[in-house]
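Everything below concerns the one structure shown next.
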Amino acid sequence: MVQKFDAAAGGIGSSGWARGRLPALARLGGPLAVYAVFALLIGLPLALVLLQAVVPGLFAVDGAQGLFSAEPLARVFSSPYVAGSILHSLELGLLAALTTTMLGGAFAVLVQRCDIPLRGPLSLVPWLVFLTPSYLKALAWVLLMSSGGYLAQLGLLPPWLGASFFGLAGLVFVHTLSLFPLAAFIIGSALAGLGSELEDAARLSGAGPLRIWLRVNGPLLAPAIVLSFIATFAEVLSDFGLASTIARMSSFGVLTYGIYAAASDYPVDFPAAGAQALVLLALVLLVVVADRLLRRRADPRLISGRARPARRYRLGAWRWLAFAMALLVAFLALILPLGAIAVRALTSTLGNGLAPDNFTLANLGAALSLHTAANEGLMRSLFYAGFAAVIASTLALLLSAQLDRSSPVMRTAVLGLSLGAVAIPGIVLGFGYILVWNRLPGFRNWPFPHYGDGSLLVMGYVAAALPYCLVVILSAVGQLAPSLTDAARISGVGAVRRLISVTLPLILLSVVTAFLLTFIRTVFELPMSQMLIPQSGPPAPTLILKLFSHDRDGLACAIALAAMAAAGGGAALIWYPLKRFIAFGRPQGTPAASGEPA
Amino acid sequence: MTIKTTLGLALSLTVLSIAAPACAADLVLYDALDFAGPVAKAFQAKTGLTVDIVEPGSTGETLGKIAAEGNNPQFDIVWLDGSAVMERMAADHVLQPVPTDEFDKIAWTDLGKSLIPQSHAFLPTGTSTTAIEVNTKKVKADKMPKSWADLQGFAGSVAAKDPNLSGPAYQWLAGLFQTNGVDAGKELLAKTLTNKSLSGLSSGGKVNKAVLTGDASVGINQDSAIFSKIAAGEPVVAVYPSEGSVSLPQGLGISARTQHMDAARKFIEFVTSADGQAAMQNGDDTDFFYIPIVKGVNPKPGRETSIAYTHLDDATASAHETEWKQWYKEKFVQ
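Residue numbers (our numbering), protein chains in the order written: chain A, 804 to 1401; chain B, 96 to 429.
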């Protein structure tokens, strides 16, 4: 590793080991490792699904046929439905990415840089919103906004609003409220790394706040804003939770639902699923590439170990208005949907609504009793999620360190791959995993990971989470001034020690952020859980979904509530002690990474 | 320490903790039926044979998993709603015929006998049918629909499943075309299903939800789903159309690659025994309200069984499957 880094950096301080024939190999070794991880976790499974769009007989049950055929693609693209769903997906993705980035950015600035009351509790809101999986939020809004739903039962829903909710407007609304934490994390972590030196300099030169934000902070935050836009765009495109509920109820066909519909039958219409997945990926990659072409300037590197924390703006009386806005976001994004889920968990029927005799504790009791299927599923999910989070964040840290020294082309490629992977619907990746690990000769007899065991499910979770971890950690590593590790390297400190003693402490909060994001998302990860469900028993998301599809949403809501409490509690137990420890270990005012809760 | 060593360490750590001795069960069961869990538990208690239950979600999702596994199926037994799809899997040699002597051991009712497939692709364990689900809060008693044709009066407020996503829904569509005639049936649906946001739902649960929330006044739904909601106290009733109803058998199929034929046979025998049938009724969800097809077994209280059946012409139904599903998708889903 030492040699690889050194060779990549120009060979200063190389030992004898690296001389001779090995440097070339060492130079190649790092990128190869990165590519190998991506190829195995994401590339190969995805390729097998996509390939069937042009080689439809590849996995035919009566023997594989490697014949090329353009027929499936032609069939899919001549369908007016697919053309319509591409437009719908694009329209929804662009609109929602715009509103989400605006809301998330505004929220981050409000909470991090303004003196509004209750900043601490408010900064927890994005985390709690992030904890709620999209299919639950979608269900909550269906429960609230249907014509016989809770808001109508309370007389709070004018009919026109209910009618217009089930369409593009409602989808953008729910996506924005559901994804703004992502934008707040990305923009917030850049904001935290910004420090105040540049701002102070501008102020001393006579610039007003507006000018500072437009001319100094704005351009410095631009990469984070664009990253947030692309990440939310990819999220919206790949979302299935809303696509299968609100979008379906509005007959607003999107690509992910088309893929699901093609893949939920015997035999599966693989060509249709593959072709639509191909379109989905192409859309995201187009945006990533367009961004890189438009913005060739290198991203600024800001954390130099000398940054001072930024001052908070004093808003005066306006702070109450800002506070009210933040509260409104918290209410709409968190309290109202969670309230609907809680009410559904605590009532026996939906049709009888909020009538007093409809309330019951039976659902929660069933979810919390030991040795029930619900409880076992919950424990299983917490265990798998913890594992997947350790592996994914470690892998992402190693890959980030490696990538930071690589060429900009490689960084772009990996960032593009990661965001592309975010946009791959889990159901497609899950199918790919079955094809690789149950069908391909050579893979299907490997004892570990093995299809049908927990090991492959954890691997699938890692694949689904790795792109996220990479984006979070890579952006933190990217902000470190190279001078920090250069100094250690010139003093002869090895690469692993540099990573552990110099890089890791500076970005520890980002690594933990990546860990916790993975943990929480994995507890609720649905498509992988469904496709790679271990024979030893189902994880919680499959149970929740099964209960929904078998129309027992009361119990499903109760399990979901318990899972959220467990995942959130577990995350808090890790986060707060660690944050204290870090605050203790470094001088006050060192900028914190990521959109951490205070 | 190189990346590879670290990776190796991480992987071996995972191996140690996850690959904890995975004791292979005696049977692996793929299903999408509510009662599979209780039945497997009772089977285990009685025979000592262990069953791993894999339930990826709805019938469609289970089928998708089986399709992806292709010629290397990981299940021993599959248990699902719908007969046509079982026939397709048998034709692809994913399933093997259920041994004839297993059929002979069972005291079938007349209805049961009529459901046994000639190919023996599956063994029927019970049945249900499609009915009209009516929200009694939205539809007055004197305005109740009595036939498929009456649904025209509820145009725009009728919830229905997409036959492309639901086996039972295709069985209903083919049955409707059989009883009402293909052209008349198409015309009837065109006049009835005028609200696309209600006519392409993906599961019976969603039809229930649409009817219960009042988005729809009536729904076309599996009758066991309606009885389960009635038992839960929801304000709905099931109306059987005067044209007659087509039966939707639940089938048990055996994997062509199973290494556990003896255990599979024992499972089949248990399911059709009195103990097995009692376990199939030991719950309150949709599938527990099936119609028994073994002599001497009564259905759950509240479950209607005096239904006028018509028998689906399977040959016609499967010959037109792609065409009719596509027609439905174009007219009522997209």
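Where is the CB? At the ideal position from N, CA and C, for every residue including glycine.
Residue environment, residue i, which counts as buried when at least 16 other CB atoms sit within 10 Å
i	result
residue 1308 of chain A	exposed
residue 1384 of chain A	exposed
residue 423 of chain B	buried
residue 390 of chain B	exposed
residue 421 of chain B	exposed
residue 871 of chain A	exposed
residue 1288 of chain A	buried
residue 407 of chain B	buried
residue 1334 of chain A	buried
residue 1212 of chain A	exposed
residue 417 of chain B	exposed
residue 425 of chain B	exposed
residue 891 of chain A	buried
residue 419 of chain B	buried
residue 1210 of chain A	exposed
residue 208 of chain B	exposed
residue 1105 of chain A	Here residue 1105 of chain A scores only 48 on pLDDT, less than 50, and its place in the model is too uncertain to base an answer on.
residue 427 of chain B	buried
residue 868 of chain A	exposed
residue 410 of chain B	exposed
Selection from the options that minimises the alpha carbon distance to residue i
i	options	result
residue 1089 of chain A	A:983, A:1199, A:1034 and A:1158	A:1034
residue 320 of chain B	B:181, B:343 and B:392	B:343
residue 1310 of chain A	A:1281, A:978, A:975 and A:1040	A:1281
residue 232 of chain B	B:119, B:332 and B:286	B:332
residue 896 of chain A	A:846, A:933 and A:1039	A:1039
residue 894 of chain A	A:882, A:1273, A:1083 and A:1010	A:1083
residue 974 of chain A	A:899, A:1242 and A:1246	A:899
residue 307 of chain B	A:951, A:848, A:965 and A:1041	A:951
residue 399 of chain B	B:138, B:304, B:223 and B:175	B:223
residue 1267 of chain A	A:1214, A:1324 and A:1215	A:1324
residue 1199 of chain A	A:1373, A:1326 and A:1278	A:1278
Under 7 Å by beta carbon: chain B residues contacting residue i
i	result
residue 1152 of chain A	327, 328 and 329
residue 1238 of chain A	163
residue 1234 of chain A	163
residue 1349 of chain A	150 and 152
residue 862 of chain A	165
Distance between beta carbons of residue j and residue i, contact taken as under 8 Å
i	j	result
residue 1275 of chain A	residue 1320 of chain A	7 Å
residue 376 of chain B	residue 395 of chain B	5 Å
residue 201 of chain B	residue 349 of chain B	Not confirmed; about 15 Å, so no contact.
residue 1191 of chain A	residue 1305 of chain A	Their Cβ separation, rounded to whole angstroms, is 27 Å, which puts residue 1191 of chain A and residue 1305 of chain A out of contact at 8 Å.
residue 226 of chain B	residue 385 of chain B	Rounded, the Cβ-Cβ distance is 14 Å, inconsistent with contact.
residue 1364 of chain A	residue 1144 of chain A	6 Å
Cross-chain neighbours of residue i in chain A, by beta carbon under 7 Å
i	result
residue 162 of chain B	1069, 1070 and 1071
residue 292 of chain B	969, 1052, 1053 and 1054
residue 158 of chain B	1067, 1068 and 1069
residue 144 of chain B	Going along chain A, no residue has its Cβ under 7 Å from residue 144 of chain B, so there is no contact; the nearest lies around 15 Å.
Residue i beta carbon near the ligand SAH (any heavy atom closer than 8 Å)
i	result
residue 1219 of chain A	Ligands are entirely absent from the displayed structure, and the ligand SAH is therefore not among its contents.
Proximal residues of chain B, C-beta to C-beta of residue i below 8 Å
i	result
residue 951 of chain A	307, 308, 309 and 310
residue 878 of chain A	Residues of chain B passing the Cβ test: none, with the nearest at roughly 11 Å.
residue 1155 of chain A	328, 329 and 330
residue 1310 of chain A	Chain B residues near residue 1310 of chain A: none, gap ~17 Å exceeds 8 Å.
Those residues which DSSP pairs with residue i across a bridge
i	result
residue 917 of chain A	A:1116
residue 316 of chain B	B:226
residue 191 of chain B	B:349
residue 1428 of chain A	Chain A is shown only over 804 to 1401; residue 1428 of chain A falls outside these bounds and no answer can be derived.
residue 395 of chain B	Answer is none; residue 395 of chain B lacks a bridge partner.
residue 218 of chain B	B:347
residue 125 of chain B	B:149 and B:173
residue 1402 of chain A	Limits of chain A in this structure are 804 at one end and 1401 at the other, which puts residue 1402 of chain A out of reach.
residue 334 of chain B	B:227
residue 1150 of chain A	A:1162
residue 296 of chain B	B:256
residue 386 of chain B	B:222
Proximal residues of chain A, C-beta to C-beta of residue i below 8 Å
i	result
residue 239 of chain B	The premise fails here: residue 239 of chain B is roughly 18 Å from chain A at the closest Cβ pair, so nothing lies under 8 Å.
residue 260 of chain B	1064, 1067 and 1068
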